[in-house]
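Written out below as structure tokens is the structure these notes cover.
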Amino acid sequence: MTEMSTGLLEKVFLFSELNDEELRRVARLTHSHSYTKDTVLFRAGDPADSVYIIATGKVKIVISSPDGKEFILTILGAGQVFGEMALLEESTRSATAITGTKSDLLTLSRKDFNRLLESTPAISRKLLSILSSRLRRANSKMQSLAYMDVAGRLARYLLDLASDHGQKLGNGWVVVRRPTHSDIAHSIGTSRETVSRLINEFEEGFGLVNKGKFTYIQESLLD
Ligand code: CMP
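In the working numbering, the protein residues as written are -12 to 210.
Laid out in structure tokens, this is it:
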């Protein structure tokens, strides 16, 4: 376990309003851990004692049906926070967290997280903003599951992916690396074969082009 440098923390949205001294204080409280791909960090229903910040890598947030089918709620990337809900509600974990790639994560203990929220209103404000945008995204996902066919759900998924993790190319297009077709299928409630077929069928005319493991989307289509 090592203390994290403030350089990394200032890129974390949750801490983006903090001054240098406040960042140094947070850095002293966080501990870093490295994980290989497919490590289960915690499972839904587990007791909770810390909040996580992703330094590098990807983390899948997953819920399972009683017969073991997995549904991926979201895939989080560098700078994003998870594991805060159980601490805020004083409850158990609401979902399972699994590393999707080799990942470096920072943790903050329940006690330190609660103290920071009480002492630093800027962190509490950012946390409310994160929770609110997650609720908005979850509503949009519910809407697409209720009303869209699989092609529509896939298009919505790729647009959200590009908004969250895409890189602007400077020519009006955004590029994003897609998760595996199996992970996409588990995020939109369909089969891997259907995702692969639809990815091949998408036409450039829609402002969305799939090439190899990457998807290119016209910037004007994003929120
Ligand atoms: P917690 O309940 O402590 O553990 C699981 C975590 O997954 C949860 O905190 C949130 O950080 C995260 N999580 C749960 N549901 C969602 C969602 N719909 N979108 C994004 N993150 C979520």
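Glycine included, every Cβ here is placed at the ideal spot set by N, Cα and C. Quick caveat, the model's predicted, so the values are computed rather than measured.
(message) Just to confirm the assignment, what range does the alpha helix (DSSP H) spanning R165 have?
(response) Careful: R165 lies outside any alpha helix (DSSP H) and carries neither H nor E.
(message) To test your reading of the DSSP string, which unbroken alpha helix (DSSP H) runs of 4 or more residues are found completely within the stretch 63 to 120?
(response) 72 to 76, 97 to 106
(request) Could you check what DSSP says for S127 in three-state terms: helix, strand or coil? (result) Three-state result, S127: helix.
(message) I need the straight-line Cα distance from T(-7) to M72, nearest angstrom please.
(response) When rounded, the distance between both Cα atoms is 24 Å.
(message) Quick check: what's the CA-CA separation for G55 versus V182?
(response) 21 Å
(request) With DSSP as the reference, label A133 as helix, strand or coil. (result) Here DSSP, grouped into helix, strand and coil, assigns A133 to helix.
(request) Note the first and the last residue of the continuous beta strand (DSSP E) segment covering N158. (result) That residue, N158, is in no beta strand (DSSP E); it is neither H nor E in DSSP.
(request) Would you be able to state if there are at least three C-beta pairs under 8 Å between the stretch 74 to 90 and the stretch 45 to 61? (result) yes
(message) Just to confirm, is the Cβ distance from L104 to S96 under 9 Å?
(response) no
(request) Decide if P108 is buried, meaning its Cβ has at least 16 other Cβ atoms within 10 Å, or exposed. (result) exposed
(request) Determine the closest residue to L27 out of I117, S19, R15, S90, with distance taken between C-alpha atoms. (result) A quick correction: the sequence has Val, not Leu, at residue 27. Of I117, S19, R15, S90, the residue nearest in Cα terms is S90.
(request) Note down the Cα distance separating L148 from V163, rounded to an integer number of angstroms. (result) 7 Å
(request) Verify the contact flag: E71, CB atom, against every heavy atom of the ligand CMP, threshold strictly below 8 Å. (result) yes
(request) From the DSSP output, read off the bridge partner residues of V46. (result) The bridge partners DSSP lists for V46 are L63, T86.
(request) Look at the alpha carbon of G199 and the alpha carbon of V161, and state the distance between them as a whole number of angstroms. (result) Their backbone Cα atoms lie some 15 Å apart in a straight line.
(request) Return the chain-ordered ranges of every beta strand (DSSP E) run that is complete within the stretch 5 to 58 and spans a minimum of 3 residues. (result) 18 to 22, 27 to 29, 37 to 43, 46 to 51
(request) Take the Cβ of E76 as the centre, count every other Cβ of all protein chains shown within 10 Å, and call the residue buried at 16 or more, exposed below. (result) exposed
(message) From the DSSP secondary-structure annotation, give me the bridge partner or partners of T202.
(response) For T202, which the question treats as bridged, DSSP gives the partners V163, N197.
(message) Need the endpoints of the alpha helix (DSSP H) that G(-6) sits in, please.
(response) -7 to -4
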